[in-house]
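**Student:** After the structure tokens below, expect a handful of questions from me.
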Amino acid sequence: MELRKIWNALRVCVAAGLTATLPAPAFAAEPLKVAFVYLGPVSDGGWTQQHDVARKKLEAALGSAIKTTYVENVPETADSERVFRQLAADGNKLIFATSFGYMEPLQKVAKLFPDVKFEHVNGFKTAANISVYEPRFEEGFYLIGVIAGQMTKTNTLGFIGSFPIPSVMRNIDSMTLGAQSVNPKIKMKPIWVNTWYDPGKERQAADTLIAQGADAVAQNTDSPASIQAAQEKGTYAFSIDADMSSFGKKAQLTGTTEDWSGYYIAETKKVLDGTWNGNRHTRWGLKEGLVVMAPLNSDIPPEAVKVFEDKKAKLISGELNPFAGPIKDNGGKEMVAAGSIMPAATFNSLNWYVEGIEGSVPK
Amino acid sequence: MLRLERRATPSSLMRFASPLLAALCMLMTGFLLFSALGKDPMEAFYLFFVKPVSSTYGIGELLLKTTPLLLCGVGLALGFRASVWNIGAEGQLTMGAIAGGGVALWFGDSDSSLAMPLMVLAGILGGMAWAAIPAFLRTRFNTNEILVTLMLVYISQLVLSWLVHGPWRDPEGQNYPQSQGFGDAETMAVLISGTRVTWGIVYALALALVAWIFSQKTFAGFRMQVAGLAPAAAAYAGFSEKRNIWIALLLCGGMAGLAGICEVAGPIGRLQQQISPGYGFAAIIVAWIGRLHPIGIIFGALLMSLLYLGGEAAQMGMGLPSAITGLFQGLLLFYLLATDLFINFRLKRVDSGKTRPTAPRESVA
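Sequences listed follow chains B and S, in order.
So the first sequence is residues 1 to 363, counted in the numbering used here.
So the second sequence is residues 1001 to 1365, counted in the numbering used here.
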């Protein structure tokens, strides 16, 4: 008898599963299925968490018009292609791919599902049903530099880099330029750890930079390890993606965080009212509220805060561009002339250090 | 009262029943877990174990993910049986991908029919060369192969990272760390149309059979088994320990290298920083679940692969966290170790009225 119950339950499940794989009819009442694919766990305290917070805000904003799903811990290996394909086959009509390394699999799956809309973070390959979105991180890092340049006592800053790809090179360069705008004596020391998330390696890098005299260290990696290191050594650090001040109240001066909800809500609305297009490349920053600075540390003197707020207002109004010339590379060669702004081609494939950064870019 | 008692001879029934019992215990724990989370356990089981393989594409994905697990698992088991503890199949896989991928990049878009055989050969040799390092160090300097093979994993990943950041970087890739995509002749043919599964699974299954024949029917295989079961007997019989170490490491290296080239010349189609989500390490569990027996490892690899796919389906269908995959894998190994106890021991009822025996009891090792 018990067996029969189980069998009946099983049959219902199987039937439900089979109907779920059939294409869903386009009733007006049917909610739009929106899916998110994450590289890390939703509890990573940084990059992935911020995307998931935005997903929840999206659900709260659009209510029963949509239904969201997410898949976490999807590696940038052959696995991501299957996840995208399965989500599309399950009837998701809008899929957000939140890591750069999903670019090639996304190209393949997008061709198979022309009626599904894909959004890819930080990539550069678009299609009729793929659009790309990216934060103007360089604005946040420029402002980190403005604070670091005023707070450092050794005039030496540090940067823990993940991979020397253009979107990270822009951050170290703009942070250095921001610091030099308030303190021309600034030197910057980078360490590349070749990972996005490895608390052990990040901690080692932070300890090394501090030992070399860098008393304000920023990071482009995801764990709070460098903030903990700075808290112990009495130096300064900056958070990334999320506010990490709980790991070092005294150490964290500010940080650059993301609020993706505005973009996610806007794009989902476009799909709902049929105005969504592919082949777009959207970059949002401070002005649009995607890049948000973490709260300023109360130890920062009011004069320094004033400079920060002034630069921030100018970045928002467009009066200030982090990559306005003159910019020299660290060999002293002029790369961007005074009065002009770094051309898009250079910006998109940036692979050199600005003057003041020590060493050479790892190849 | 129940007491554990050593069996006179290991139970051959339990040897086969143990993995099945472990799987059953895993399912029962899963049932309780899903119920406690307020999810319908039957629906969760359906999503976990049925939905992933309910389409041709799904079966293709299962076989695709089974391929590297099976190749590495069979290779590792050959060594484990001879007490050669190679835990660096992940590194040998990476080096195979680098060597084979290098050949693919050298051919470029050429449609030469030589490209694929040379890539496969280079992949195998690349994995072998990487495994030869711990073999040499162990036989020449008596270095611990557990540490050496593990550390070589990280070195191989850094070599790959350097190559895709530097000399092999795609000139049209906007500086992003990946190589050019391989040409059509440098990409493995798909076995079942509409899926991504390649001929790699056929190689893997054939090699599992060859490995079974090797360990059961050849003298070299016999020598390795004796060395694992009774090292003193092997030494007395004059079997060379060094030869066993070389054979075990080279065979595993070659198979892991093949897994690497199958991955980059198959579903990935280029070299990039990350090519394996840890197949070389997961294959250690696969080898043990499969009782270090090539045929058992085929089932172990299929089950492990299904757990990965099921974890994804459970996330998509029920919003369960991805940790559920690791949880099931861990439960399976945990229960396997527990049920393995009953191969050598059995439970015996002891009359509780009697005084406890004063003689020292057999310890449960």
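Built from N, CA and C at the ideal position, the CB exists for glycine as well.
It should be emphasised that the depicted structure is a prediction, and the values quoted were computed from it without experimental measurement.
Looking at the unbroken beta strand (DSSP E) that takes in Ala65 of chain B, where does it start and where does it end?
**Tutor:** Note, Ala65 of chain B: premise wrong, no beta strand (DSSP E); not H, not E.
**Student:** Any beta carbon of chain B sitting closer than 7 Å to that of Ile1059 of chain S?
**Tutor:** no
**Student:** Alpha carbon to alpha carbon, what distance is there between Ala337 of chain B and Lys314 of chain B?
**Tutor:** 21 Å
**Student:** Looking only at its own chain, which residues have a Cβ that is under 6 Å from the Cβ of Gly178 of chain B, when we skip the five neighbours before and after it?
**Tutor:** Tyr142, Gly145 and Val146, listed in sequence order.
**Student:** With C-beta atoms as the reference, is Phe1345 of chain S less than 7 Å away from Arg1006 of chain S?
**Tutor:** yes
**Student:** Could you pull out every unbroken beta strand (DSSP E) segment of at least 3 residues lying fully inside the segment 219-243 of chain B, listed in chain order?
**Tutor:** 236-241
**Student:** Between Ile1268 of chain S and chain B, is any beta-carbon pair separated by less than 7 Å?
**Tutor:** yes
**Student:** Hey, quick one: how far does the beta strand (DSSP E) through Pro190 of chain B stretch, first residue to last?
**Tutor:** Lys187 to Trp192
**Student:** What residues in its chain sit with their C-beta under 6 Å from that of Val1350 of chain S, if we drop five residues either side in the sequence?
**Tutor:** Met1001 and Arg1003
**Student:** Quick check: the segment 1095-1104 of chain S against the segment 1048-1063 of chain S, are there 3 or more CB pairs under 8 Å?
**Tutor:** Counting Cβ pairs under 8 Å, fewer than three are found: no touch.
**Student:** Given a threshold of 16 other Cβ atoms within 10 Å of its Cβ, counted over all protein chains shown, does Ala1206 of chain S qualify as buried or as exposed?
**Tutor:** The Cβ neighbour count for Ala1206 of chain S, taken over all protein chains shown within 10 Å, is under 16; the residue is labelled exposed.
**Student:** Let me know the secondary structure DSSP gives Gln1092 of chain S once reduced to three states.
**Tutor:** In the structure shown, Gln1092 of chain S falls within a helical segment according to DSSP collapsed to helix, strand and coil.
**Student:** Among S:Met1255, S:Leu1152, S:Phe1328 and S:Leu1032, which one has its Cα closest to the Cα of Pro1294 of chain S?
**Tutor:** Nearest of S:Met1255, S:Leu1152, S:Phe1328 and S:Leu1032 to Pro1294 of chain S, Cα basis: S:Met1255.
**Student:** By Cβ distance below 6 Å, which residues in the same chain neighbour Glu1090 of chain S in space, the five residues on each side in sequence not counted?
**Tutor:** Only Val1153, Gly1280 and Phe1281 meet the Cβ criterion.
**Student:** Rounded to whole angstroms, what is the Cα-Cα separation between Lys286 of chain B and Asn297 of chain B?
**Tutor:** Correcting the residue type first, residue 286 of chain B is Leu in the shown sequence and not Lys. Distance between the alpha carbons of Leu286 of chain B and Asn297 of chain B: 19 Å.
**Student:** Counting C-beta neighbours from all protein chains within 10 Å, is the total for Trp1106 of chain S 16 or more, i.e. buried, or is it exposed?
**Tutor:** exposed
**Student:** Looking at the unbroken alpha helix (DSSP H) that takes in Met1188 of chain S, where does it start and where does it end?
**Tutor:** From DSSP, Met1188 of chain S is part of no alpha helix (DSSP H); its letter is neither H nor E.
**Student:** Taking the alpha helix (DSSP H) that Gln180 of chain B belongs to, which residues open and close that run?
**Tutor:** Pro166 to Val182
**Student:** Is the beta carbon of Glu81 of chain B closer than 7 Å to that of Pro114 of chain B?
**Tutor:** no
**Student:** Please confirm if Gln1092 of chain S has its CB atom under 7 Å from at least one CB of chain B.
**Tutor:** no
**Student:** Measure how close the beta-carbons of Pro1177 of chain S and Gln1092 of chain S come, nearest whole angstrom, since I'm counting them as under 8 Å.
**Tutor:** The beta carbons of Pro1177 of chain S and Gln1092 of chain S sit about 22 Å from each other, so the pair does not count as a contact at 8 Å.
**Student:** Measuring only the C-alpha atoms, how far is Phe159 of chain B from Pro301 of chain B?
**Tutor:** 23 Å
**Student:** Name, please, each residue of chain S whose Cβ falls closer than 7 Å to the Cβ of Pro224 of chain B.
**Tutor:** Result: empty, since nearest Cβ-Cβ is about 21 Å, beyond 7 Å.
**Student:** Have a look at the DSSP bridge pairing and note the partners of Asp1170 of chain S.
**Tutor:** Asp1170 of chain S is not bridged to any residue.
**Student:** How about Leu350 of chain B and Arg170 of chain B: do their beta carbons lie closer than 7 Å?
**Tutor:** yes
**Student:** Considering just the uninterrupted stretch of the beta strand (DSSP E) at Ser119 of chain B, what are its terminal residues?
**Tutor:** Note that residue 119 of chain B is Glu in the sequence shown here, rather than Ser. Looking at the DSSP string, the run of the beta strand (DSSP E) that includes Glu119 of chain B is Lys117 to Val121.
**Student:** Taking the CB atoms as reference points, tell me whether Val361 of chain B and Pro166 of chain B lie closer together than 7 Å.
**Tutor:** Not in contact: Val361 of chain B and Pro166 of chain B (Cβ atoms no closer than 7 Å).
**Student:** For Asp1109 of chain S, collect the residues of the same chain with a Cβ closer than 7 Å to its Cβ; drop the 5 residues on either side in sequence, then sort them by chain order.
**Tutor:** Gly1183
**Student:** Assess, as a yes-or-no matter, whether the segment 1243-1263 of chain S is touched by the segment 1068-1081 of chain S under the definition of 3 or more beta carbon pairs within less than 8 Å.
**Tutor:** At 8 Å Cβ cutoff, the stretches touch.
**Student:** Tell me which residues share the same chain as Ala61 of chain B and place their Cβ nearer than 6 Å to its Cβ, disregarding the 5 neighbours each side in the sequence.
**Tutor:** Ile265
**Student:** Using the Cα positions of Ala1036 of chain S and Lys57 of chain B, report the straight-line distance between them to the nearest angstrom.
**Tutor:** 28 Å
**Student:** Consider the Cβ of Met1316 of chain S: report whether some Cβ of chain B lies at a distance smaller than 7 Å.
**Tutor:** yes
**Student:** Quick check on Phe159 of chain B: does DSSP put it in helix, strand or coil?
**Tutor:** strand
**Student:** Is Val217 of chain B near Ala242 of chain B, with beta carbons less than 7 Å apart?
**Tutor:** no
**Student:** Run down chain S in chain order and give the residues with a C-beta less than 7 Å from the C-beta of Val83 of chain B.
**Tutor:** Those within 7 Å of Val83 of chain B in chain S are Glu1312.
**Student:** Tell me the DSSP secondary structure of Pro135 of chain B in three-state form.
**Tutor:** If DSSP states are grouped into helix, strand and coil, Pro135 of chain B belongs with the strands.
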